[in-house]
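Here's the structure, in structure tokens; my notes come after.
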Amino acid sequence: MIQKNLEQIKNNMNKASQKVNKNINDITLIAVSKTYPVSDIEKAITLGCKDFGENRVQELMEKIDQIDTPVNWHLIGHLQTNKVKYLIGKTKLIHSVDSIKLIQEIQRQSIKKDVLTDVLLEVNVGKEVSKHGILIEDAIEYVKLMSGLSHIRMKGLMTVAPYVENPEHNRQIFRQLYDLSVDIQKQKFNNISTSVLSMGMSNDYEVAIEEGATMIRIGTGIFGDRNYT
Ligand SMILES: *Cc1c(COP(=O)(O)O)cnc(C)c1O
Numbered sequence: 170m171i172q173k174n175l176e177q178i179k180n181n182m183n184k185a186s187q188k189v190n191k192n193i194n195d196i197t198l199i200a201v202s203k204t205y206p207v208s209d210i211e212k213a214i215t216l217g218c219k220d221f222g223e224n225r226v227q228e229l230m231e232k233i234d235q236i237d238t239p240v241n242w243h244l245i246g247h248l249q250t251n252k253v254k255y256l257i258g259k260t261k262l263i264h265s266v267d268s269i270k271l272i273q274e275i276q277r278q279s280i281k282k283d284v285l286t287d288v289l290l291e292v293n294v295g296k297e298v299s300k301h302g303i304l305i306e307d308a309i310e311y312v313k314l315m316s317g318l319s320h321i322r323m324k325g326l327m328t329v330a331p332y333v334e335n336p337e338h339n340r341q342i343f344r345q346l347y348d349l350s351v352d353i354q355k356q357k358f359n360n361i362s363t364s365v366l367s368m369g370m371s372n373d374y375e376v377a378i379e380e381g382a383t384m385i386r387i388g389t390g391i392f393g394d395r396n397y398t
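For the sequence shown, my numbering assigns the number 398 to the last residue and increments by one with no breaks.
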């Protein structure tokens, strides 16, 4: 099933990127493996997946320990300040930076371990109360803070769009995140990149690609329905 799903997704990624004159190789598919067993991750690795996303630090650490193949690990879920110390040096990218305290703690722990930590700023574009992420209007304040820090490097922006039946309903959300990244780019801050736009999930990744996504995060679309129990 994983193989079939991946083929289908690659196909759709290809079509969506061609629509906007992009190459599928410009888009990173992150296989969101939260709640799925290590055997599923291993299967996906044999099928060519190199990037995996988890939303809880503990589950991420357990899986890192169990997977021998070097892959890129992405933390995509909310990160508590007190968990940062476990994580630093283990991730390719932290997608969920959303507070000043968290930024300061990532800087502090990265200095301790002498590593440069790549992060995305998570933006709650849809202003959903149930969602993490900063507001668009506050973004520049966070960018300025990160611009001045030695051991943290902002690579771009991330958003978790609302769940919608019709993916077209999220097009405006993705466009707003893209527009914000252009805005930040124009201001030419030191140490700040906007090259990554992490947006789009199983139900809306094609629209996200059309609106400029460079990373899409897909769980159920690859591994099937999640069993939370
Ligand atoms: C679970 C999760 C995803 C993947 O969701 P699916 O609908 O299973 O594709 C993407 N991003 C974040 C932040 C998630 O927590």
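Here a beta-carbon is modelled for each residue, glycine too, at the ideal position from N, C-alpha and C.
Helix, strand or coil, according to DSSP, for residue i in the structure here?
i, result
"V351", "helix"
"H338", "helix"
"D373", "coil"
"R277", "helix"
"T204", "coil"
"E297", "coil"
"S265", "strand"
"R344", "helix"
"M384", "strand"
"Q356", "coil"
"G258", "coil"
"G390", "helix"
"V226", "helix"
"A308", "helix"
"V253", "helix"
"K191", "coil"
"M315", "helix"
"I210", "helix"
"I427", "The structure shown does not extend to residue 427, since the chain spans only 170 to 398, so no value can be given for it."
"A330", "coil"
"N396", "coil"
"M170", "coil"
"L248", "coil"
"L271", "helix"
"L175", "helix"
Could you round the C-beta distance between residue i and residue j to whole angstroms and report it? I think they count as a contact, below 8 Å.
i, j, result
"V288", "I342", "Actually they are not in contact, since the Cβ atoms of V288 and I342 sit about 21 Å apart, beyond 8 Å."
"V266", "E291", "6 Å"
"N181", "E375", "6 Å"
"P331", "G295", "5 Å"
"G222", "R386", "5 Å"
For residue i, list the residues DSSP reports as bridge partners.
i, result
"G325", "L289, V365"
"F221", "A200, W242"
"I303", "V292"
Can you list every residue whose CB sits closer than 6 Å to some heavy atom of ligand 1, going in chain order? V201, K203, N224, I245, G246, V329, M370, S371, R386, I387, G388, T389, G390
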